[in-house]
Every structure is written in C-alpha cells, then in structure tokens.
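A.B. asks: One structure, pasted below without further comment.
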Amino acid sequence: MTVPTATPAGTAPSDPRDDRAPGRLATVLASPGTRLVGKRVLLAVPIVVGVSILTFWVLNLIPGNAAQQLLGPEATAEQVRALEQELGLDQPGYVRYLDWLGAAVTGDLGTSLVSRQPVTALLGERLAVTGELVGLAFLVSLGLAVPVALLAAYRPGRMFDRVSMLVSITGLSVANYVLALLLVLLFAVELALFPAIGFVPLSQSVAGNLHSMALPVAAISFPLFCFYTRFLRGDLVDQLQGEDYITTARAKGIGPGQVLLRHAFRNSSFGLITVVGLNLGTLIGGTVIVEQIFALPGIGQLMLQAVNTRDFVVVQACVLVFAVVAVLANLVADLLYAVLDPRIRYGSR
Amino acid sequence: MAVVDAAVAVEAGPVRGRAGAWWLRNLEIAVPAAVVALVALACFVGPLVLPVPPPIGGSVLESYLPAGSPGHLLGTDPNGNDILSRILHGGRSSLTVAVAVNLLGLAVGGTLGALSGYLGGATDTVIMRVLDVLIAFPSLVLTLAVAQSLGASQTNTVLALAFFSVPAFARISRAATLRLRELPFMAAAQLCGTPGWRVLARHVAPNIAPQLITFAMLGMGIVIVIEGALSFLGLGIPPPAPSWGNMISQGQQSLSATPALVVWPCLALFVTVLAFNLLGETLRARWSGR
Numbered sequence: 001m002t003v004p005t006a007t008p009a010g011t012a013p014s015d016p017r018d019d020r021a022p023g024r025l026a027t028v029l030a031s032p033g034t035r036l037v038g039k040r041v042l043l044a045v046p047i048v049v050g051v052s053i054l055t056f057w058v059l060n061l062i063p064g065n066a067a068q069q070l071l072g073p074e075a076t077a078e079q080v081r082a083l084e085q086e087l088g089l090d091q092p093g094y095v096r097y098l099d100w101l102g103a104a105v106t107g108d109l110g111t112s113l114v115s116r117q118p119v120t121a122l123l124g125e126r127l128a129v130t131g132e133l134v135g136l137a138f139l140v141s142l143g144l145a146v147p148v149a150l151l152a153a154y155r156p157g158r159m160f161d162r163v164s165m166l167v168s169i170t171g172l173s174v175a176n177y178v179l180a181l182l183l184v185l186l187f188a189v190e191l192a193l194f195p196a197i198g199f200v201p202l203s204q205s206v207a208g209n210l211h212s213m214a215l216p217v218a219a220i221s222f223p224l225f226c227f228y229t230r231f232l233r234g235d236l237v238d239q240l241q242g243e244d245y246i247t248t249a250r251a252k253g254i255g256p257g258q259v260l261l262r263h264a265f266r267n268s269s270f271g272l273i274t275v276v277g278l279n280l281g282t283l284i285g286g287t288v289i290v291e292q293i294f295a296l297p298g299i300g301q302l303m304l305q306a307v308n309t310r311d312f313v314v315v316q317a318c319v320l321v322f323a324v325v326a327v328l329a330n331l332v333a334d335l336l337y338a339v340l341d342p343r344i345r346y347g348s349r
Numbered sequence: 001m002a003v004v005d006a007a008v009a010v011e012a013g014p015v016r017g018r019a020g021a022w023w024l025r026n027l028e029i030a031v032p033a034a035v036v037a038l039v040a041l042a043c044f045v046g047p048l049v050l051p052v053p054p055p056i057g058g059s060v061l062e063s064y065l066p067a068g069s070p071g072h073l074l075g076t077d078p079n080g081n082d083i084l085s086r087i088l089h090g091g092r093s094s095l096t097v098a099v100a101v102n103l104l105g106l107a108v109g110g111t112l113g114a115l116s117g118y119l120g121g122a123t124d125t126v127i128m129r130v131l132d133v134l135i136a137f138p139s140l141v142l143t144l145a146v147a148q149s150l151g152a153s154q155t156n157t158v159l160a161l162a163f164f165s166v167p168a169f170a171r172i173s174r175a176a177t178l179r180l181r182e183l184p185f186m187a188a189a190q191l192c193g194t195p196g197w198r199v200l201a202r203h204v205a206p207n208i209a210p211q212l213i214t215f216a217m218l219g220m221g222i223v224i225v226i227e228g229a230l231s232f233l234g235l236g237i238p239p240p241a242p243s244w245g246n247m248i249s250q251g252q253q254s255l256s257a258t259p260a261l262v263v264w265p266c267l268a269l270f271v272t273v274l275a276f277n278l279l280g281e282t283l284r285a286r287w288s289g290r
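Chains as they are written, first to last, in full-length UniProt numbering: chain A, 1 to 349; chain B, 1 to 290.
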C-alpha cells in the first residue's frame with residue numbers, strides 16, 4: 001500500500017466534495033464511489049438469495065417430517081396428512097420456497113410450527129439480546145486490541161511485544177466454550193462474583209444487565225481480542241519495515257510515535273476493517289454455544305431450540321438473519337473503505 | 001522450478017546458532033510438532049499398549065472416583081468410565097475427524113481454487129460467486145441442521161465440516177495460483193505447449209502446496225474446536241462414544257461439584273489446538289519469508 005492521503009490524479013470532474021450548486025446531486029450519483037456502492041449492493045442480493053435457497057434445500061433433506069414431529073408418534077396417517085395440507089407441506093419444494101420468498105420480501109417470515117407465534121415477533125426480542133452481546137464483545141475486543149497492538153508494534157521483539165504475542169496465540173487456541181466454562185468455574189463457582197447463568201433485561205436494570213452479560217462477553221471477546229491484536233500488530237510491523245511512505249515520514253523528522261499513529265496505523269486500519277467485517281458473520285453464528293452455556297435468550301438459543309424441535313420455519317428465519325448480518329457487515333466494510341480511502345473514493349483503483 | 005517456494009523458504013528461514021541438530025535450531029517447529037506427534041501417538045497407540053480400561057461400559061458402582069484411584073489415573077466419570085481412557089479415545093475421534101475434513105477440504109477446495117485462478121474468466125466468476133454464498137453462510141448453523149437431519153455421526157460431521165472448509169481452501173489456492181500465473185516459468189511451460197492439466201499438476205500444485213498445507217495446520221485447530229462444539233451441543237459424536245466435546249458437556253452438569261470432569265478434556269483440547277496453531281503460525285511465517 002502507498003500513502004492513503006496521496007493526491008488523486010485527475011479527479012476534478014467527479015469530486016464529490018465539489019460544491020458547485022447546480023448538478024451536484026448528479027455529480028454525486030455519477031461518481032465512482034456511488035457506482036461502487038451500487039455494485040456492492042447488487043452483488044449482496046444474490047448472495048442472500050443463494051443462502052436462503054441452500055437453507056431451504058438442506059431443511060428439506062430432513063427425513064423426520066415436521067407434521068409427524070408436531071403431532072407425536074401416536075398420530076394417525078390421516079392426521080399427519082391433514083396437518084401437512086394445513087401447513088402447505090404437501091406442495092413441492094420450489095413452490096414452498098417461492099411462497100416463502102414472496103412473503104419474506106414483504107417482511108413476513110411465517111409462523112412458528114411449534115409455538116404458533118409470528119416468527120418476526122420471536123426474532124425481535126432475541127435479536128436485541130444477541131445484538132447487545134456481539135456489540136459489547138466488539139467494543140471490548142477492539143478497544144483493547146488497538147492499543148495493545150500499537151504498543152507491541154512500537155518496539156517489535158521487545159518484552160511487551162513477545163508477551164502480547166504469546167498471550168494472543170494462547171488465547172486463539174482456547175475454544176470459546178472452553179473459556180466460557182473456565183470463566184464460570186473461576187468467577188461464578190469459586191469466587192461467586194458473577195452469575196453463572198441467567199439474563200437480566202436492559203429495561204429492568206442496566207447494572208444488572210451488564211452484570212449478567214459480563215462473563216458471556218468476556219468469553220466471546222477474549223479470542224477476538226487475540227485475533228485482532230495479532231492481525232493488527234503483524235500488519236503494522238509490515239508497514240513500518242517495508243513501506244516507502246514510512247521512510248519519507250521518518251526522513252521528514254517525524255517522531256516514531258507519530259509515524260506509527262498517523263501513518264502506519266491509518267493504513268493498517270483498512271485491513272482491520274475488512275477482518276472485522278468478515279468476522280461479524282462467523283461471530284454471530286458462534287454466539288449459539290455461548291448463549292446456550294449462559295442461558296441467554298438470544299437468537300442462537302432460539303435457533304438451537306428450533307433445530308431440536310424441527311421447527312424449520314424458525315430455523316430458516318434465523319439462518320436468513322445470520323446471512324443478512326454477515327453480508328451487511330461485509331458491505332459496510334467495503335463502503336467504509338470507500339469513505340476512508342481517497343483512491344477508492346475517486347475510482348483511481 | 002517446481003519447488004520455488006520451498007527453496008525461498010529454506011533461504012528465508014531464521015538461522016540461529018551455527019551448529020547443532022536440526023531440531024535444536026528449529027525449536028519453534030520441533031516443539032509443537034513433537035506435541036502433535038505425542039498426542040497422536042497417545043490417542044492412537046496409547047489405548048492399545050497402556051493398561052487403560054475401555055472408554056464405555058463402566059460400572060455405576062465406580063462412578064466419581066477421584067484422580068489417582070487404583071486403575072484409574074484421572075478418576076472416573078458419573079457412569080464409572082475411566083476419564084483417561086475416554087480422553088484418549090475422544091482424541092482419536094477428534095483427530096480422525098480433523099484430518100479427514102482437512103484432507104477433503106484441501107483436495108476439493110485446492111483444486112477448485114487452482115482451476116479458478118488458472119483459467120480465470122467465466123469459470124473463475126462462477127466458482128467464486130458460489131463460494132461467496134458458502135462464506136456468507138453461518139457454517140455452524142448449517143452443520144447443526146445437517147447433523148440434526150441426517151443424524152449425528154462421525155461421517156456426517158466430517159461431510160458437513162468439509163463442505164464448509166472448501167471455500168477457505170479455495171480462496172487461498174486461488175490467490176496463490178494468481179501470483180504464480182505472472183511468473184516466467186508458467187509462461188515457459190505454456191509456450192512449450194504443455195497441456196493445462198499438466199501445468200496445474202506439475203507446476204501449480206507443488207508451488208501452492210506450502211500455503212495450503214500451512215492453512216491445513218491452522219484448519220486442524222479450527223476443526224477440532226468446531227467438532228468439539230458440535231459434540232458439546234449433542235450433534236457431533238453421539239454418546240456414549242467419547243469425544244472431548246461431549247465429555248465437556250457431560251461435565252458441565254456437575255461443574256461445581258466435580259470440575260475435574262470439565263478441566264481434563266478442556267486441557268486436552270487446548271494443548272492439541274495450541275500445538276497445531278503454533279505449527280501453522282511458524283510455517284506461515286517461514287513460507288511468507290517474514
């Protein structure tokens with residue numbers, strides 16, 4: 001990479017910051033940045049559709065049919081057939097998929113086969129819990145990883161660097177469920193500082209909510225912190241060692257701290273944004289097991305219950321939510337690039 | 001010319017100390033490799049030569065024996081089964097699943113990625129778009145659904161996990177192939193009239209192998225963790241057959257009374273994954289010449 005603040009060549013006609021009043025909107029719409037946004041959004045749609053088709057197909061592989069499952073083993077063949085008809089299960093797969101897709105586009109994700117509640121209502125409250133969990137985990141892990149990586153890269157090979165790299169490779173090797181159980185063992189069983197399971201809604205008590213979220217957030221954010229620290233430190237060291245713009249900055253007499261913060265970190269932040277964007281998709285799937293251990297009423301727990309009761313309407317909706325979040329996260333990362341990096345904003349790359 | 005990367009890696013490898021055995025000069029590879037070898041040896045050969053009882057079919061009369069009891073080095077679980085024996089047999093299934101998944105992922109993903117990168121054009125676009133869908137997919141979620149629908153078994157776990165390891169291998173293989181495509185020896189091979197499959201097999205494959213093998217080392221750790229998660233949720237290796245994941249899950253029910261039931265399999269999981277991660281990280285640093 002070169003300097004992100006390099007003067008872009010030949011950008012006069014499509015500069016979105018251009019303040020000429022007439023045709024400003026047209027200029028913005030025609031700018032490479034806007035076209036990039038459009039292209040990314042168009043690419044994201046088939047991915048989400050592809051994921052939903054794949055899920056539908058897999059769920060149709062399930063041999064134990066949902067109607068039989070709902071009625072129990074004593075149900076007669078007629079009862080099963082009647083329920084199948086009522087639920088539309090007798091239709092061929094592609095008809096059911098298109099029906100589902102048509103309804104999903106209008107915001108109707110169907111009705112749970114087990115609880116007979118609208119799926120959107122089930123999702124709503126649970127998304128808030130998982131959202132809080134993931135949001136807090138990101139805040140904690142990034143908030144710690146950035147300063148630690150900067151300090152480690154400031155003097156590579158020194159004590160702080162070595163210790164932080166050792167901690168981070170160790171942390172990466174701890175599965176989040178292993179960490180979750182060890183945290184419960186230490187902080188809930190031995191020290192009795194935090195509750196082992198249970199969830200206090202935010203509306204009930206903010207302090208109680210944070211107290212009940214502390215261990216789950218720690219279990220998710222520690223491996224993340226390790227991952228980001230390693231990534232950012234590695235990228236910073238690469239930038240500092242090999243890039244011409246760093247040599248230039250140093251030659252101008254800028255201090256090492258300023259070179260690290262103002263020059264290397266600005267460039268490395270792009271890689272970090274991509275990684276965070278890619279991570280969010282896996283992370284939201286990874287909360288399933290942590291929600292299970294701490295009995296948090298999140299979307300992961302909902303999905304696990306639905307998988308076990310073969311409530312495929314709910315499973316389908318949960319997978320859709322996970323996929324949309326993953327795709328959106330990548331999209332936002334791409335767009336942040338465009339906002340932060342003038343070379344992409346002006347279409348010179 | 002087919003071993004460009006290997007030669008570069010040897011030159012770029014940090015040369016510490018002048019004399020001494022190879023393993024003394026390469027401790028950061030030798031130590032994790034030795035740990036991996038030791039774990040594999042203990043799990044696959046251990047139960048055959050060590051005097052450990054079978055992992056299932058214990059007597060309830062012998063449940064919850066403490067560590068160091070006669071005949072039960074690490075004690076017994078709630079069903080009276082020997083914990084050490086279950087850890088060794090559990091490791092056997094974890095390692096088998098991890099090796100199978102990574103071999104499948106490497107073979108299928110590596111080939112798809114190399115084809116995609118080498119041929120380019122429409123083939124590339126189609127393969128990469130399909131893989132984009134798989135990457136956007138929350139893999140644990142689908143693996144759960146597959147395990148639930150086809151029944152929990154070792155084969156189904158391997159197939160479901162291998163399916164989702166394909167995109168990662170394909171991406172790495174494609175990126176490595178794209179870098180190779182610009183090198184003069186590739187042009188030379190093509191100018192000689194070498195058929196495409198032969199270029200892929202003789203020139204591309206040996207050169208992208210180091211990156212793929214390095215990723216497979218990291219992949220071993222990832223698969224062991226995910227397999228543990230599936231078994232933990234009751235959708236991986238079906239009990240009573242032991243696996244580290246279902247041992248942790250079983251131990252969780254009496255976490256406060258007998259933490260040892262959780263601690264031992266957690267430790268086994270951690271040490272194995274750490275060894276694979278260290279090995280993968282060191283190899284990666286060497287291949288990339290950092």
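Note that the Cβ used here is the ideal one computed from N, Cα and C, for glycine as well.
Looking at C-beta atoms only, is the number of pairs between the segment 90-109 of chain A and the segment 233-248 of chain A that lie closer than 8 Å three or more?
C.D. replies: As far as the Cβ criterion goes, the segment 90-109 of chain A does not touch the segment 233-248 of chain A, which means the pair count is below three.
A.B. asks: Between the segment 315-325 of chain A and the segment 168-185 of chain A, can you find at least three pairs of beta-carbon atoms closer than 8 Å?
C.D. replies: No, the segment 168-185 of chain A does not touch the segment 315-325 of chain A.
A.B. asks: Please report the residue range of the alpha helix (DSSP H) in which A:E190 lies.
C.D. replies: By one-based count along the first sequence, residue 190 of chain A stands at place 190. Premise fails: A:E190 is in no alpha helix (DSSP H) and is neither H nor E.
A.B. asks: DSSP state of residue 380 of chain A, grouped into three classes?
C.D. replies: The structure shown has nothing for residue 380 of chain A, since chain A only spans 1 to 349.
A.B. asks: What residue does the alpha helix (DSSP H) around A:L202 start on, and which one ends it?
C.D. replies: Position 202 of the first sequence, counting from 1, holds the residue named residue 202 of chain A. Taken as a continuous stretch (DSSP letters only), A:L202 belongs to no alpha helix (DSSP H), as it is neither H nor E.
A.B. asks: Would the C-beta of A:A192 count as close to the ligand SAH, meaning under 7 Å from any of its heavy atoms?
C.D. replies: No copy of the ligand SAH appears in this structure; indeed no ligand is present at all.
A.B. asks: Specify the secondary structure class of A:T130 as computed by DSSP and reduced to three states.
C.D. replies: Start at 1 with the first residue of the first sequence, and residue 130 of chain A comes out as number 130. A:T130 falls in the helix class under three-state DSSP.
A.B. asks: How long is the line joining the alpha carbons of A:E190 and B:A122, rounded to whole angstroms?
C.D. replies: Along the first sequence, one-based indexing puts residue 190 of chain A at 190. Along the second sequence, one-based indexing puts residue 122 of chain B at 122. Approximately 60 Å, taken between the alpha carbons.
A.B. asks: Taking buried to mean at least 16 other C-beta atoms within 10 Å of its own C-beta, is B:A98 buried or exposed?
C.D. replies: Reading the second sequence from its first residue, position 98 is the one you call residue 98 of chain B. Under this definition B:A98 is a buried residue.
A.B. asks: Going by Cα to Cα distance, which pick from B:G75, B:I213, B:A40, B:G90 is closest to B:A228?
C.D. replies: Against the second sequence, residue 228 of chain B aligns to sequence position 228. For clarity, residue 228 of chain B is Gly in the given sequence; the question names Ala instead. Here the closest residue by C-alpha is B:G90.
A.B. asks: Is the Cβ-Cβ distance between B:N246 and B:S231 less than 8 Å?
C.D. replies: Position 246 of the second sequence, counting from 1, holds the residue named residue 246 of chain B. Position 231 of the second sequence, counting from 1, holds the residue named residue 231 of chain B. For B:N246 and B:S231, yes; Cβs fall inside 8 Å.
A.B. asks: When you compare only the Cα positions, how much space is there between B:S85 and A:D311?
C.D. replies: Walking along the second sequence from the start, residue 85 of chain B turns up at place 85. Walking along the first sequence from the start, residue 311 of chain A turns up at place 311. So the two alpha carbons sit approximately 38 Å from each other.
A.B. asks: Are any of the Cβ atoms in chain B nearer than 8 Å to that of A:Q258?
C.D. replies: Reading the first sequence from its first residue, position 258 is the one you call residue 258 of chain A. So, not an interface residue.
A.B. asks: Chain A beta carbons: is any one of them nearer than 8 Å to that of B:D77?
C.D. replies: Within the second sequence, residue 77 of chain B is the residue found at index 77, counting from 1. It does not: the Cβ of B:D77 has no partner Cβ on chain A nearer than 8 Å.
A.B. asks: Contact defined as beta carbons within less than 8 Å: I believe B:L95 pairs with B:V52. What is the distance between those atoms, to the nearest angstrom?
C.D. replies: Counted from its first residue, the second sequence places residue 95 of chain B at position 95. Counted from its first residue, the second sequence places residue 52 of chain B at position 52. Rounded, the Cβ-Cβ distance is 17 Å, inconsistent with contact.
A.B. asks: Closest to A:L150 by CA distance: which of A:L193, A:L335, A:I273, A:V259 is it?
C.D. replies: Residue 150 of chain A sits at position 150 when you count from the first residue of the first sequence. It is A:V259.
A.B. asks: B:V225 CB to nearest chain A CB: under 8 Å?
C.D. replies: The sequence position of residue 225 of chain B within the second sequence is 225, counting from 1. Yes, its Cβ sits closer than 8 Å to a Cβ of chain A.
A.B. asks: Nearest CA to the CA of B:V32: which residue from B:V273, B:Q154, B:W287, B:D124?
C.D. replies: Mapped onto the second sequence, residue 32 of chain B falls at position 32. Correcting the residue identity first, residue 32 of chain B is Pro in this sequence and not Val. Comparing Cα-Cα distances from B:P32 to each of B:V273, B:Q154, B:W287, B:D124, the minimum goes to B:V273.
A.B. asks: For B:N156, which option in B:I237, B:S254, B:V204 has the closest C-alpha, if you only look at C-alpha atoms?
C.D. replies: Translated into the one-based positions of the second sequence, residue 156 of chain B becomes position 156. Considering only alpha carbons, the answer is B:I237.
A.B. asks: Alpha carbon to alpha carbon, how far is A:L54 from A:V290? Give it in angstroms, no decimals.
C.D. replies: In the first sequence, counting from the first residue as 1, residue 290 of chain A sits at position 290. In the first sequence, counting from the first residue as 1, residue 54 of chain A sits at position 54. Their backbone Cα atoms lie some 26 Å apart in a straight line.
A.B. asks: What does A:Q292 reach in chain B if we use C-beta pairs closer than 9 Å?
C.D. replies: Here residue 292 of chain A refers to the residue found at position 292 of the first sequence. Per Cβ cutoff of 9 Å: F232, L233.
A.B. asks: Using the DSSP secondary-structure output, state which residues sit across from B:T76 in a beta bridge.
C.D. replies: Along the second sequence, read from residue 1 onward, the residue named residue 76 of chain B stands at position 76. Bridge partners of B:T76: B:D82.
A.B. asks: So the candidates are B:L279, B:L115, B:W287; which of them puts its Cα closest to the Cα of B:R171?
C.D. replies: What you label residue 171 of chain B is simply residue 171 of the second sequence in a count that begins at 1. When each option's Cα is compared against that of B:R171, the closest is B:L115.
A.B. asks: Thinking B:R181 and B:G117 are a contact (beta carbons under 8 Å), I'd like their distance in whole angstroms, please.
C.D. replies: Translated into the one-based positions of the second sequence, residue 181 of chain B becomes position 181. Translated into the one-based positions of the second sequence, residue 117 of chain B becomes position 117. The pair is a contact, with the Cβ atoms about 7 Å apart (cut-off 8 Å).
A.B. asks: Do A:L331 and A:R40 come within 8 Å of each other at the CB atom, strictly closer than that value?
C.D. replies: For the purposes of this step, residue 40 of chain A is taken as the residue at position 40 of the first sequence. For the purposes of this step, residue 331 of chain A is taken as the residue at position 331 of the first sequence. It is a contact, given that the beta carbons lie within the stated cut-off.
A.B. asks: Which partner residues does A:P118 have in the DSSP bridge list?
C.D. replies: For the purposes of this step, residue 118 of chain A is taken as the residue at position 118 of the first sequence. DSSP lists A:T111 as partners of A:P118.
A.B. asks: Is B:P32 helix, strand or coil by DSSP?
C.D. replies: Here residue 32 of chain B is taken as the residue at index 32 of the second sequence, counted from 1. If DSSP states are grouped into helix, strand and coil, B:P32 belongs with the helices.
A.B. asks: Leaving out five residues on either side along the sequence, give the residues of the same chain with a beta carbon under 7 Å from the beta carbon of B:A268.
C.D. replies: As a first step, residue 268 of chain B must be located in the second sequence, where it is residue number 268. Once the five neighbours on either side are set aside, the close Cβ partners of B:A268 are I87, G91, W244.
A.B. asks: Rounded to whole angstroms, what's the CA-CA distance from B:F276 to B:V223? Just pull it up for me.
C.D. replies: Sequence index remark: in the second sequence, residue 276 of chain B carries index 276 (1-based). Sequence index remark: in the second sequence, residue 223 of chain B carries index 223 (1-based). Rounded to the nearest angstrom, the two C-alpha atoms are 11 Å apart.
A.B. asks: Please decide whether B:N26 counts as near chain A, where near means a Cβ-Cβ distance under 8 Å.
C.D. replies: Position 26 of the second sequence holds residue 26 of chain B. Taking Cβ atoms only, chain A never reaches closer than 8 Å to B:N26, which makes this a no.
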